[in-house]
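Numbering (the working numbering), first residue to last: 77 to 620.
The C-beta atom is built at its ideal place from N, Cα and C for all residues, glycine as well.
Put into structure tokens, the structure is as follows:
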């Protein structure tokens, strides 16, 4: 089992416990060393930088399969203020036994001299903040968020699909708690407390209260698992059907049995901070995964038949001399033409409407040729060069459309376009969408190396620019290699073997008897070269 982590670049915990204020707090830095704050009343806590750790498998698992063993700890550092408006630093201590949620502040700095902070003080605000610091609403998921420092700064988080088999809940709870807490210990930044979210929509005939009651044993097991590792759970919330319930508060005056309605979307302080920082919630996890699922029904049967025909025609082509190179060129040429076609037609409307327009832009035959061609590693790596600039958006639309075309028995062929989609999302700073795409790829093929490397890089908070630079250099080398045969084929025609510049012989008249040696300054020039294989012009119209 590999829980989903939401890491990002490290920053120092520069919030003091007593006298720090938004105007005096230093700006978070991406440097491993915490920035030097202004002199506070108490010295701030700083975290010791260390090498981040990432899980080695998919980012999450929504199936009910039995856990395969302890999950690797995920990198659980604090996101920078500008890249994530949900960087939360609270003032409630772990020993606070009251029901009030930790007062939290969200960094959203706009200048190098001060930090803008958002404070969260109630379970309602904590419930509303969840989709903003994940980037999407986590359907059917358990999310655990670590709190660090005396002010309860939100740090690392893990997400996992809630197992449908209740017998797995104890093992899952133990592994999730160990994953989140051990990651902090590896960085010498052990969490001071944890907040737990259980998100699940009611099934047919259920209500939100039924979901809350059904998941109560799981919530209690998570609290016990964290307590066994000496890290308390400050709050455990159940989010279902537009309401939330607290598993930690027994007072029905503040936490009624029918639940508390969630705040209106876009009206909270967190929504305002996210809008100011340019962040957005990309919908629910199910909606994001639906954009990558293969088509079904009659259209799926037609696409599968076309894939069968294309696969049968591909084998003889590959067996020809230089057949593999020809197939690679044809695949890349077709992909480039498709990206140009997608650029010329940008759809609008909902995600479903845009995806339907994209599906109409590519035929079953073109999709089949591209899907089969991208199974080649060299072709896939060359296709990864379309990752930034004006081609990034149409390339992402193409990879998603191809993933939806991998129907029936060709479901595993979607790993290549899914990985390319995850790479483009990460390259364009869309981490949540990248994680979803890579998780879908790894759920189909856990050993797909490219997806594993990208997943690890995202979890370690690495910068995609070095990989982008490498792909740009690869593209330039490939272009130079295609130009070399053309220039080399014309080069020999421009060169001739130089002839001796001095040769004695009698003087004869006529063109046939023209002397081959020099005649002096006033006579016609001889055929000489400049030492570089090119003829030098003589006088009286002699040839170059």
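Residue i, DSSP secondary structure in three states
i, result
"residue 212", "coil"
"residue 28", "The structure shown does not extend to residue 28, since the chain spans only 77 to 620, so no value can be given for it."
"residue 346", "helix"
"residue 368", "coil"
"residue 82", "With a pLDDT of 47 at residue 82, under the threshold of 50, the predicted position of this residue should be treated as unreliable, and no value is reported."
"residue 503", "helix"
"residue 271", "strand"
"residue 223", "strand"
"residue 462", "coil"
"residue 484", "helix"
"residue 228", "coil"
"residue 351", "helix"
"residue 314", "strand"
"residue 305", "coil"
"residue 233", "strand"
"residue 424", "coil"
"residue 529", "helix"
"residue 42", "No answer is possible for residue 42: it lies beyond the span of the chain, which begins at 77 and ends at 620."
"residue 328", "coil"
"residue 397", "coil"
"residue 441", "helix"
"residue 511", "helix"
"residue 391", "helix"
"residue 357", "coil"
"residue 319", "strand"
"residue 467", "helix"
"residue 240", "coil"
Residues of its chain near residue i, where Cβ-Cβ distance is below 6 Å and the 5 sequence neighbours each way are ignored
i, result
"residue 302", "253, 270, 309"
"residue 324", "311, 312"
"residue 272", "220, 298, 309, 312"
"residue 380", "483, 484"
"residue 395", "none"
"residue 275", "214, 217, 315"
"residue 317", "278, 284"
"residue 551", "461"
"residue 348", "none"
"residue 486", "383"
Own chain residues within Cβ distance below 7 Å of residue i, not counting five before or after
i, result
"residue 415", "462, 467, 470, 471, 474"
"residue 387", "448"
"residue 460", "496, 499, 547"
"residue 588", "Since pLDDT at residue 588 reaches only 45, below the 50 mark, its modelled position is unreliable, and the value read off the structure follows with that caveat. Once the five neighbours on either side are set aside, residue 588 has no close Cβ partner at all."
Same chain, Cβ closer than 8 Å to residue i, neighbours up to 5 away in sequence not counted
i, result
"residue 554", "458"
"residue 293", "242, 245"
"residue 296", "323"
"residue 434", "418, 423, 473, 474, 476, 477"
"residue 400", "394, 452"
"residue 382", "440, 441, 443, 444"
"residue 260", "152, 222, 224, 231, 232, 266, 267"
"residue 291", "238, 274, 276, 314"
Beta-carbon proximity of residue i to residue j, cut-off 7 Å
i, j, result
"residue 215", "residue 361", "yes"
"residue 527", "residue 481", "no"
"residue 217", "residue 235", "yes"
"residue 314", "residue 288", "yes"
"residue 446", "residue 411", "yes"
"residue 518", "residue 530", "no"
"residue 350", "residue 208", "yes"
"residue 450", "residue 413", "no"
"residue 494", "residue 479", "yes"
"residue 397", "residue 455", "no"
"residue 203", "residue 320", "yes"
"residue 23", "residue 520", "The question about residue 23 has no answer, for the chain in this structure spans 77 to 620."
Cβ separation of residue i and residue j, assumed to be a contact under 8 Å, to the nearest whole Å
i, j, result
"residue 507", "residue 237", "Incorrect: roughly 19 Å between the Cβ atoms, too far for contact."
"residue 346", "residue 205", "5 Å"
"residue 281", "residue 256", "Not confirmed; about 34 Å, so no contact."
"residue 544", "residue 464", "6 Å"
Count the C-beta pairs between the region 259-274 and the region 222-239 that are closer than 8 Å, then say yes if the count reaches three, no if not. Enough Cβ pairs lie closer than 8 Å, so yes.
Quick check: the region 209-224 against the region 367-374, are at least 3 beta-carbon pairs closer than 8 Å? No: the two stretches stay apart, fewer than three of their Cβ pairs being nearer than 8 Å.
Between the region 326-340 and the region 191-210, do three or more beta carbon pairs fall short of 8 Å? Contact between the region 326-340 and the region 191-210 is present: 3 or more CB-CB pairs across the two stretches fall below 8 Å.
Contact the region 491-507 vs the region 379-397: 3+ CB pairs below 8 Å: Contact fails: fewer than three Cβ-Cβ distances are below 8 Å.
Between the region 404-424 and the region 370-385, can you find at least three pairs of beta-carbon atoms closer than 8 Å? no
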